[in-house]
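Below you'll find the structure, written out as structure tokens, and then a few comments.
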Amino acid sequence: MTPSKAPKTSSRVRNRTRSVKISSTAHGLTSQAGLIPVVKYLDRIGFEKTVKRSIAHPRGDNADYHLSDAVLLTLVGMIGGATSMIKVTTVCADSVLRKVAGWVKIPVETTVLRIFKELSDAQISQFEVLTHTLRGQHWRRLLRSGKSKTGIQPVQLIDVDSTVDTVCGRQEGSAKGFNPKKKGARSYHPQIAFLAETKEILQAWFRTGNAFTSNGVVEFTKQLLAHLPNRMRIIFRGDSGYFVGDLMELLDIRGHGYLIKVKLNNLKSLLAKQTWTAIKGQPGWEQCEFQYRCGDWSRSRQFVAVRMKLPKPVAGPQSELWEATEYDSFCYVTTEILTPWQAHKKYGERATCETWIEEAKSQMGLGKIRTDQFMANAALFHCAVLAYNTIRWMAQLSGNKTLCQWEPETLRTYLIRVAGKLLTGNNQLRVKTPADPLYPQEWDDWVKLGLPA
582 MTPSKAPKTS SRVRNRTRSV KISSTAHGLT SQAGLIPVVK YLDRIGFEKT
632 VKRSIAHPRG DNADYHLSDA VLLTLVGMIG GATSMIKVTT VCADSVLRKV
682 AGWVKIPVET TVLRIFKELS DAQISQFEVL THTLRGQHWR RLLRSGKSKT
732 GIQPVQLIDV DSTVDTVCGR QEGSAKGFNP KKKGARSYHP QIAFLAETKE
782 ILQAWFRTGN AFTSNGVVEF TKQLLAHLPN RMRIIFRGDS GYFVGDLMEL
832 LDIRGHGYLI KVKLNNLKSL LAKQTWTAIK GQPGWEQCEF QYRCGDWSRS
882 RQFVAVRMKL PKPVAGPQSE LWEATEYDSF CYVTTEILTP WQAHKKYGER
932 ATCETWIEEA KSQMGLGKIR TDQFMANAAL FHCAVLAYNT IRWMAQLSGN
982 KTLCQWEPET LRTYLIRVAG KLLTGNNQLR VKTPADPLYP QEWDDWVKLG
1032 LPA
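Take any residue in the sequence shown, note its place counting from 1, add 581, and you have its number in my numbering.
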């Protein structure tokens, strides 16, 4: 009996595969054409000149590389996705990127790290000021272009939070402290202030691992206020770690506001004494507001609270005769004219701040490139802050809402890792990229930021 032949199958979604040969003979190719607009944008805004003016770091006459070179290369590498210094130099060593940026040669990673290890505490403070200088220039640029009035808004909401950066080893400045994910591990404990409207980092401090959440927050806020427009009123939004009388006193004296979660040992008994009313449209929720003065405060302040009745556990029929009703309570101190429920919802928006921190840490290498020296690690941390802000600033300047919403990794996937071919001729450089980008409008807007028509 003749065996039956298998029926021929055809696919509507795949063609028959063909043999492929790969030859490494082409020149002028790149897989990260999207970094070219970044490099050109930084050149247009005078980034290197601003770094040189802001941070004093003289080197010998025979030095090939300076701090401004190290900062620029590190920033570009981080935007390209580098998570180590060797990857930073690899990203920047791309032949097309070097040609377009005018880099004759790229230093090895040890040279870049050696420059960062030369920095002192005073120069790290200058790094902090550099962020403010660039941010001020950017806000003026936005205003002139008509894209945003962020810099002249009368009131801005600022989220301040700290984050734990766990380390492996015994790097200088790392210590055991608050570490919810890896208890007992050594870490650093940076503090960051975000502008809620734009997601940009306004200010950041790189701190040792044993620093408490609120350590230095008054000086941190003084520095922040000193670099913001004088007419701008801020509303400081923070968790219970920032329930600090001196901080609120500073903000009160200077005419600023706050919305901070309350942290008191006697909070439960304090709330039990208040008069609670039901919240209209929110079944099971109650609210109250009252004035209260803590022991060392110079004045009483406005407290608002909401609570939700918790379901009773299943028990015998007699139990509810003596069991007290349990509540889940939330209490805040604030200067703003808000109902307790409005304050609770406004504070809840702060959760996005934690998302932004994770974006900066996991997608922009914030605090991930390290050495064995604290000051060098602080400088690398500030380079990551600048890298994060650079893509935020470029997105804002583009006026493209989609770009403003994208996370760093999304932007990197669609706009940075783009194939390109460098063409030369007529004393000019041209880069060809695919004719059908996945997001054509976003790609065009991204390119225009560095290479205006």
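C-beta atoms are modelled at their ideal positions from N, C-alpha and C, and glycine is treated no differently.
None of these values were measured; they are calculated from a predicted model.
Assumed close pair residue i, residue j - CB separation to whole angstroms, cut-off 8 angstroms
{"i": "L678", "j": "L616", "result": "6 angstroms"}
{"i": "I687", "j": "T670", "result": "6 angstroms"}
{"i": "S649", "j": "Q707", "result": "No, S649 and Q707 are not in contact; Cβ-Cβ is about 12 angstroms, not under 8 angstroms."}
{"i": "N981", "j": "D1026", "result": "4 angstroms"}
{"i": "Y913", "j": "A924", "result": "5 angstroms"}
{"i": "G838", "j": "E917", "result": "6 angstroms"}
{"i": "L831", "j": "K803", "result": "7 angstroms"}
Inter-residue spacing [alpha-carbon to alpha-carbon] between residue i and residue j
{"i": "R874", "j": "V843", "result": "12 angstroms"}
{"i": "G929", "j": "E935", "result": "11 angstroms"}
{"i": "L891", "j": "K927", "result": "23 angstroms"}
{"i": "A968", "j": "M659", "result": "7 angstroms"}
{"i": "N846", "j": "L852", "result": "12 angstroms"}
{"i": "S743", "j": "S600", "result": "54 angstroms"}
{"i": "D820", "j": "F884", "result": "14 angstroms"}
{"i": "A785", "j": "R880", "result": "30 angstroms"}
{"i": "A644", "j": "Y622", "result": "26 angstroms"}
{"i": "N791", "j": "G765", "result": "11 angstroms"}
{"i": "V657", "j": "N796", "result": "32 angstroms"}
{"i": "K680", "j": "W1024", "result": "21 angstroms"}
{"i": "V689", "j": "T933", "result": "38 angstroms"}
{"i": "I815", "j": "N760", "result": "30 angstroms"}
{"i": "L596", "j": "V999", "result": "Contrary to the premise, residue 596 reads as Asn rather than Leu in this sequence. Each residue's Cα considered, the two are about 26 angstroms apart."}
{"i": "M813", "j": "I950", "result": "35 angstroms"}
{"i": "G750", "j": "T952", "result": "11 angstroms"}
{"i": "H647", "j": "Q772", "result": "28 angstroms"}
{"i": "A859", "j": "Q868", "result": "6 angstroms"}
{"i": "V620", "j": "A651", "result": "14 angstroms"}
{"i": "Q752", "j": "R767", "result": "9 angstroms"}
{"i": "V1028", "j": "L1019", "result": "14 angstroms"}
{"i": "F871", "j": "Y995", "result": "51 angstroms"}
{"i": "I782", "j": "A674", "result": "28 angstroms"}
{"i": "I667", "j": "I997", "result": "19 angstroms"}
{"i": "L1032", "j": "N1008", "result": "17 angstroms"}
Residues of its chain near residue i, where Cβ-Cβ distance is below 7 angstroms and the 5 sequence neighbours each way are ignored
{"i": "W903", "result": "At W903 the pLDDT is 48, less than 50, meaning the model places this residue with poor confidence and gives no usable figure here."}
{"i": "K1013", "result": "G1001, K1002, L1004"}
{"i": "H808", "result": "H713"}
{"i": "C985", "result": "A976, Q977"}
{"i": "I972", "result": "I660, P989, L992"}
{"i": "Q863", "result": "W922"}
{"i": "L840", "result": "I816, R818, Y913, T915, E917, A924, K927, Y928"}
DSSP state of residue i mapped onto helix, strand, coil
{"i": "A886", "result": "strand"}
{"i": "Y646", "result": "coil"}
{"i": "L724", "result": "helix"}
{"i": "W866", "result": "strand"}
{"i": "W903", "result": "Residue placement at W903 is flagged as unreliable, the pLDDT there being 48, under the threshold of 50; the coordinate-derived value follows with that caveat. Correct three-state label for W903: coil."}
{"i": "A785", "result": "strand"}
{"i": "R640", "result": "coil"}
{"i": "A774", "result": "strand"}
{"i": "V620", "result": "helix"}
{"i": "S605", "result": "coil"}
{"i": "C875", "result": "coil"}
{"i": "D953", "result": "coil"}
{"i": "Q613", "result": "coil"}
{"i": "T744", "result": "coil"}
{"i": "V999", "result": "coil"}
{"i": "L984", "result": "helix"}
{"i": "T991", "result": "helix"}
{"i": "K780", "result": "coil"}
{"i": "Q737", "result": "strand"}
{"i": "Q1009", "result": "strand"}
Sequence-distant residues of its chain with Cβ nearer than 8 angstroms to residue i (five each side left out)
{"i": "L978", "result": "H719, R722, L723, S726, K728, L1030"}
{"i": "D877", "result": "G826"}
{"i": "E778", "result": "T731, Q734, Q737, L738"}
{"i": "T714", "result": "T631, S635"}
{"i": "I1021", "result": "Here residue 1021 turns out to be Pro, not Ile, going by the sequence shown. Within the same chain, P1021 has no close Cβ partners at all."}
{"i": "L653", "result": "L623, F628, E629, V632"}
{"i": "T747", "result": "N760, K762, K763, A766, R767, S768"}
CB contact check: residue i to chain D, cutoff 8 angstroms
{"i": "D827", "result": "The displayed structure is made up of one protein chain only, and chain D is not part of it."}
6 angstroms Cβ shell around residue i - same chain, five flanking residues per side excluded
{"i": "R993", "result": "G662"}
{"i": "V741", "result": "A774, G819"}
{"i": "F911", "result": "V887, H925"}
{"i": "F962", "result": "F787, G948"}
Residue i: CB within 7 angstroms of a non-hydrogen atom of the ligand ADP
{"i": "A637", "result": "The ligand ADP is absent from the structure shown, which contains no ligand whatsoever."}
Could you tell me which whole alpha helix (DSSP H) segments of length 4 or greater appear in the region 660-722?
666-673, 676-682, 690-698
Within the region 793-862, ranges of the beta strand (DSSP E) (whole runs, at least 3 residues)
814-819, 838-842
Mind pulling the alpha helix (DSSP H) runs of 4 or more residues that sit fully within the region 926-981?
932-945, 955-979
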